[in-house]
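Residue numbers are given in the UniProt record's numbering: position 160 of the sequence shown equals residue 160, and the series is strictly consecutive. In what follows, a structure is listed as structure tokens, so that the remarks can point back to it.
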Amino acid sequence: MKSGLIVIGGGPGGYVAAIRAAQLGLRTVLVERDALGGACLNRGCIPTKTLLHSASLYRQVLHSAAFGVTASDAGFDYAVMDERRRQVVEQLRRGVEGLLKGNGVEVIHGSAVIQGPGRVRVGEAIYESEHILVAVGALNRPLSSRQMKKEKLRHEGLVPVSKGSQAL
């Protein structure tokens, strides 16, 4: 069956576009090769901020005596913190899945290859659509050691391209 829109990429740009297209009446298919939610939800902002929050709470407990709060047995259990991180990510990912399903977006897991105008291959299956939206995000590419030596980067010459947890 032909769809009105195939969205390639299930990150925030892709899943929001897919949901809105479905709400506007287009039969919408979303193709994602990895976990829904994109890099921020699965590997970036969300897991990092979850761990940072745990570390911040630990630090507050260690310095709470100045506020009249004493904690004699403060501990740091990374396994518990990491499990909480995993649960937070999973809960948010399930939320994205629920939004897609609730709005009638068909989700296909696999790598999409555009075969031509209106044609996308995922595995052995060919999907046809009036429109294709590519929302695959981006991947960072670390500098090679050769590039690093050549550039001789200094701290004062570095410009953050992100803020907060993504700048770590």
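Virtual Cβ for every residue (Gly too), placed ideally from N, Cα, C.
Nearest in C-alpha terms to Ser72, of all of Pro142, Tyr58 and Ile8, is Tyr58. Membership of Val107 in the beta strand (DSSP E) is indicated by the continuous run Glu106 to His109.
By the C-beta density criterion, Pro47 is buried, having at least 16 other C-beta atoms within 10 angstroms. The beta carbon of Glu106 is closer than 6 Å to those of Val29 in its chain, skipping five residues each way along the sequence.
Under the 8 Å Cβ criterion, the stretch 10 to 26 does not count as touching the stretch 120 to 128, having fewer than three qualifying pairs. Selection Val120, Arg121 and Ala112 evaluated against Glu32 yields Ala112 as nearest (Cα-Cα). A straight line joining the alpha-carbon of Pro142 with that of Val136 spans about 19 Å.
Contact between Arg93 and Gly37 is confirmed by a C-beta separation of about 5 Å, below the 8 Å threshold. Between Met81 and Ser56 a beta carbon distance of about 11 Å is seen, past the 8 Å cut, so the two are scored as non-contacting. For Arg119 and Gly110, the gap between their C-alpha atoms comes out near 15 Å. Secondary structure of Val134 (DSSP, three-state): strand.
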